[in-house]
Every structure is written in C-alpha cells, then in structure tokens.
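Numbered per the numbering used here, the sequence shown spans residues 2 to 226. Yeah, the Cβ is synthetic: ideal placement off N, Cα and C, and Gly gets one too.
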Amino acid sequence: MWTREELVWQLGKESAFDRFLAFADHFLYNEYDVHGRLLAKRYVEETPINRNQGRNVTRKDRIMKTAIIMGSTSDLSKVEPAVEILKKYGVEVQVRCLSAHRAHLGLSEFVEECNQNGTEVIITAAGMAAALPGVVASQTVLPVIGIPLSGSVLDGMDALMSIVQMPSGIPVATVAINGSKNAAYLALQIMAIKHEEIQKQLLAERKAMEEAAMKANEEVVAKFQ
Ligand code: C2R
C-alpha cells in the first residue's frame, strides 16, 4: 500500500493515462483507506473532462452546491421554501442548524468545510439578535445571503437591522423578512454566472411568470371594460 507521499507523487504523473494506471494499480491491488478515498475523490473531481473557452473543465466545475444555516430548529418552517427551490433546480443543499451564539465552534467548523468543499453560496437565516449571518460572512469570501426571520416581539425588525447593517468589507446580501424564496433565487442567480443550466431554468421561469402576469392583466381588463 502506498504512503500518502507516494500516492501524491503518483498523482503528479505526466499524462492522465499514467495517472489512471497508477490509480487502477493502487485501488485494484490494495485495500484503500479513508485518506486514499479522499485523494481518489479529489482526483476524479479535478481531472479535466473537456475544454470550454480555452479552459479545462473538471467535474468540480460542474458541482452545484449551496449551504443553508439557520439559528434554531424553530426557524425550520420559514427556511424550507428556500431548500425546496434550490432542490427543484438540481442544486445540492447542505442544511444545518448552527447558532453563532450557542454553537460558535461548530459553526466555524462548518463554514471552513464550505470553504473547502466547493460550496458556491451560503444562505443564513436567523431571528432576533441575528449575529449568525455576519459571523458566517466574517469567515468566508463566498457570497453570504441573510434572511431575517420574524417571530420575536419586534416581528423581525430586530433581525433585519442586525443582518443588513454590516460594517464595510464584510457584506451580507439581505433579503426581506422571511424572504427565503428570494434568498434561493438570489443564490441561483449568482450560480447562473457559472452554470448555464441554472440560467436556462431561471429564464424559463421568468417567462412563465411574465405570461401569468399578462394573463392576469387581461382578465382584469376584461372584467372592467
Ligand atoms: P429559539 O427558538 O431556539 O429560542 O431561537 C434563531 O434564529 C431563532 O429565530 C429563537 C431565535 O433565535 C435565533 N438565533 C440567532 C442566533 N442563534 C439563534 N439569531 C445567532 O447566532 O445569531
């Protein structure tokens, strides 16, 4: 069985075919461990599969991954619409309940995981004194979207002010109170810059929306003429 260093050396071989042979050799004839599996995953994700605009395209480029972090399980019902929309678009969603106030170490660990695993956008949702979105934004340069949630005696105004009033340099793109659907659409629009299939679906949905709006207008006109 190769050591980590030997495996990395094998991966560095000149041609893709050499690397394939090295891998086949290693995994067909040796028992592989967790580390080997992680390296294999990286190899598969990072090997070019075709070229686009003069650039190598890898499987990693095709991964469509987001994360949604909420402050409490009591937020779940307000966050679920965002999960549904992202899934409808074929986007992977990692859903977590990690409060910055109550579980800051676990939160930081997860944000670091997002920094490493190809996550493209992080959606955060919190009510009351909503530190969570800002704390997440402070630990990543991925785009962070914030959803202020209602439910307190201040009905979400507290969370809105906490999330929208970030100091310069650490932005959180804040949507309306309980605006989880728009948080999902904003995430999709950010991802559409890279993923053509998302762009196509968004344009089709906009067209259907426009047609429905025009039909509603026609009905109103017909009713009052
Ligand atoms: P509980 O129902 O658990 O008491 O939470 C949550 O998002 C929730 O809306 C009440 C509210 O507190 C919010 N919360 C935050 C944070 N952690 C929990 N704003 C945080 O770290 O910012």
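Need the endpoints of the alpha helix (DSSP H) that residue i sits in, please.
i: Q202; result: E197 to F225
i: G135; result: L133 to A138
i: E121; result: No alpha helix (DSSP H) contains E121, which DSSP labels as neither H nor E.
i: A160; result: M158 to V165
Restricting to Cα atoms, I'd like to know which of the options is closest to residue i.
i: L1; options: T125, A104, G152 and P149; result: Residue 1 lies beyond the stretch modelled for the chain, which goes from 2 to 226, so this question has no answer here.
i: S169; options: A138, H102 and A184; result: A138
i: C98; options: G128, D62, R43 and E212; result: G128
i: V122; options: N183, I69 and I178; result: I69
i: M71; options: M65, K79 and F24; result: K79
i: P49; options: R20, K201 and T74; result: R20
i: P172; options: H196, L150 and V145; result: V145
i: N57; options: K66, E47, I148 and L77; result: E47
i: M167; options: D76, V136 and E81; result: V136
i: R52; options: R43, D62, N179 and Y44; result: D62
i: T74; options: I64, P82 and S100; result: S100
i: S181; options: E212, P149 and Q202; result: P149
i: A83; options: Q200, A188 and V222; result: A188
i: I199; options: Q226, V165, Q95 and M65; result: M65
i: A314; options: E81, Y44 and S163; result: Given a span of 2 to 226 for the chain in the structure shown, any question on residue 314 remains unanswerable.
i: R93; options: H102, T120, L77 and D76; result: The displayed chain sequence assigns Glu, not Arg, to residue 93. Among H102, T120, L77 and D76, the Cα nearest to that of E93 belongs to T120.
i: N85; options: Q226, A213 and Y186; result: Checking the sequence, you will find Glu at residue 85 rather than Asn. Ranking Q226, A213 and Y186 by Cα distance to E85 puts Y186 first.
i: L77; options: N118, A17, N179 and A23; result: N179
i: Q117; options: L161, G152 and T67; result: T67
I need the DSSP call for residue i, collapsed to helix, strand or coil.
i: T141; result: coil
i: P82; result: helix
i: N179; result: coil
i: G107; result: helix
i: V96; result: strand
i: T67; result: strand
i: G170; result: coil
i: A1; result: No answer is possible for residue 1: the residues shown for the chain start at 2 and end at 226.
i: G37; result: helix
i: L155; result: coil
i: I194; result: coil
i: A101; result: coil
i: A185; result: helix
i: A130; result: coil
The segment 80-91 / the segment 132-143 touching (three or more Cβ pairs under 8 Å): no
Cβ pair count under 8 Å reaching 3, the segment 206-213 against the segment 101-115: no
Inter-stretch contact at 8 Å, needing at least 3 Cβ pairs: the segment 191-203 / the segment 149-160: no
Sufficient close CB pairs (3 or more, under 8 Å) joining the segment 90-110 to the segment 211-219: no
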